[in-house]
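Numbering (the numbering used here), first residue to last: -5 to 513. Just so it is clear, CB atoms sit at the ideal spot from N, CA and C, and this is done for glycine as well.
Have a look at this one:
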């Protein structure tokens, strides 16, 4: 599956060809805006997915909100398991020195102290120990597969609490022997990664500490079993993911009709931008005015996806249909921002000192590594970009001078170094021409990537000035394209319906304005 950080070609590892074809069918009627008026007024998906409605808003009950929340949680979990190969559950660890951690430690320690005092009493009290073995028995039985009848019967026979109580009444119970049996059975059922824990259990002499560590290892085994189940389910979820997510989202939409409001605004913004672009093109002197320009729905949708690469994830809410990929998109955008600055720094360096460093690939790689290390964490609020850019400039001058000296060449003069530092520092400005140029070229690359047909296995050519980040850009491009393609397959029918409503509305408004101006 995609999104695991490995470079994959666009169009590969998608859930299925049939899923892709279903999205193509959903968008076919919208292709190049050549569909008939009837296709715009027809509903291809749920009526509740319409971005505009003349009906008054329906009151949503608390039960419906909770049902929608459960559906969203189920859909999010299924999506994460299917697309994230590294997804696994981990035990919650309370913060060090926190009140909750201290209270938990005190309560647990009190329990084990009481147990130890009971077992050391004359005569010993076994009731609490018996309850522990009863709980251990149930946990061990939960690890068994339906066919493990022989071991199931053996566990139930050895850890029969009624029999243990009878033995305790006659002072004939062997707590250490029961613990040894439990440890032996755990060794048969645990994953290989727990073998060291089992050996440590066997070497522990104090019976109370043994029981304590048994529960600790059993907790680890439970988590191992859960993660094993997740890995087993992943292939099945991947095959059914598109239909499952679409069905779940439809249920959410039926329970909360406003579940597409943000998505509609997201797409509408691109529609308005495209209309403005078409208007400017039509007014350009010498432009062809024989035929009225029309919006292309696929282009509108792709431009909407491109906006995600410049999204402010801290302040702006994501469209509802992209919530399940929000963390992945944010991480991808942060990495892309770092690559943009590395490309800018490389372009400035080449323009100023390229003549003296030409033919020195090792130097270029060292400068790239320096920039990448110093720009790590640049998306944090406390990151001082101006200071870091100045540091990169100083380090770049030092590396270039060192290389020139090793080859017996004159080092950079003060004026060149000052120019380099000044241009590096100016990259911090949003309207910096070099930064704007690199940003436009990366946007063009990503746009070309989304325009590739799914059967195509090759990547688009990398625009000039981006060669230094080509490898990383292709990896991020594959991850981005995989996110977009899967999202299109799942939510294609909903997008198609929104585009019908928006584009039909824009066409009607355009005709009304034309009629008014003619009169």
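The beta-carbon distance between residue 313 and residue 257, rounded to whole angstroms, is 4 Å. This is short enough to meet the 8 Å contact definition. Ranked by Cα distance from residue 327, the first of 156, 356, 373, 353 is 373. With a cut-off of 8 Å on Cβ pairs, the region 414 to 426 is not in contact with the region 435 to 447, counting fewer than three such pairs. Residue 353 has its alpha-carbon roughly 49 Å from the corresponding atom of residue 486. Excluding five sequence positions before and after residue 363, none of the CB atoms of its chain fall closer than 7 Å to its own CB. When DSSP states are grouped into helix, strand and coil, residue 289 belongs to the coil group.
Annotation for residue 161: the continuous alpha helix (DSSP H) segment containing it runs 155 to 163. Looking only at 290, 289, 264, 311, the smallest Cα-Cα distance to residue 299 is reached by 264. Residue state for residue 432 is assigned as helix, using DSSP reduced to three classes. Between the C-alpha atoms of residue 101 and residue 88 there is a straight-line separation of about 15 Å. Residue 309 sits exposed, since fewer than 16 C-beta atoms from the chains shown fall within 10 Å of its C-beta. In this structure the region 170 to 183 lies against the region 195 to 213, because at least three pairs of beta carbons, one per stretch, are closer than 8 Å. In the displayed model, residue 86 falls within coil according to three-state DSSP, outside both helix and strand. Counting every other CB atom within 10 Å of its CB across the protein chains shown gives residue 86 a total below 16, marking it as exposed.
Judged by DSSP secondary structure, residue 359 falls within the alpha helix (DSSP H) whose first and last residues are 355 to 368. Counting of Cβ neighbours within 10 angstroms places residue 151 among the exposed residues, the total staying below 16. Taking C-beta atoms under 8 Å as the contact rule, residue 323 and residue 302 qualify, at a distance of about 5 Å.
In this structure, residue 433 lies away from residue 495, with their beta-carbon atoms at least 9 Å apart.
The region 188 to 199 makes no contact with the region 159 to 169, as fewer than three CB pairs between them are under 8 Å. For residue 238, the uninterrupted alpha helix (DSSP H) segment begins and ends at 201 to 249. Taking one beta carbon from each stretch, the region 95 to 110 and the region 140 to 154 have fewer than 3 pairs nearer than 8 Å; the two do not touch. With respect to the 9 Å criterion, residue 149 and residue 124 are not classified as neighbours on the basis of their beta carbons. In the structure shown, residue 308 adopts coil according to DSSP, grouped into three states. Take residue 76, set aside five residues on each side of it, and the residues of its chain with a beta-carbon closer than 6 Å to its own are 231, 232, 235, in chain order. About 7 Å separates the CB atoms of residue 297 and residue 267; that is less than 8 Å, so the two are in contact. In this structure, 130 is the residue among 455, 165, 130 with its C-alpha nearest to the C-alpha of residue 153. Bounds of the alpha helix (DSSP H) holding residue 172 are 169 to 183. Per DSSP, the unbroken alpha helix (DSSP H) holding residue 195 starts and ends at 189 to 196. Residue burial annotation: residue 132 is exposed, with fewer than 16 other C-beta atoms found within 10 angstroms of its C-beta. Take residue 122, set aside five residues on each side of it, and the residues of its chain with a beta-carbon closer than 8 Å to its own are 108, 109, 112, in chain order. The distance from the Cβ of residue 471 to that of residue 337 is about 14 Å, inconsistent with a contact at the 8 Å cut-off. DSSP places residue 92 in no alpha helix (DSSP H); its state is neither H nor E. Annotation: the continuous alpha helix (DSSP H) that includes residue 150 extends over 143 to 152. Residue 394: member of the alpha helix (DSSP H) spanning 379 to 400, first to last residue.
For residue 413, the uninterrupted alpha helix (DSSP H) run begins and ends at 408 to 420, by DSSP.
In the three-state reduction of the DSSP assignment, residue 166 falls in the coil class, being assigned neither a helical nor a strand state.
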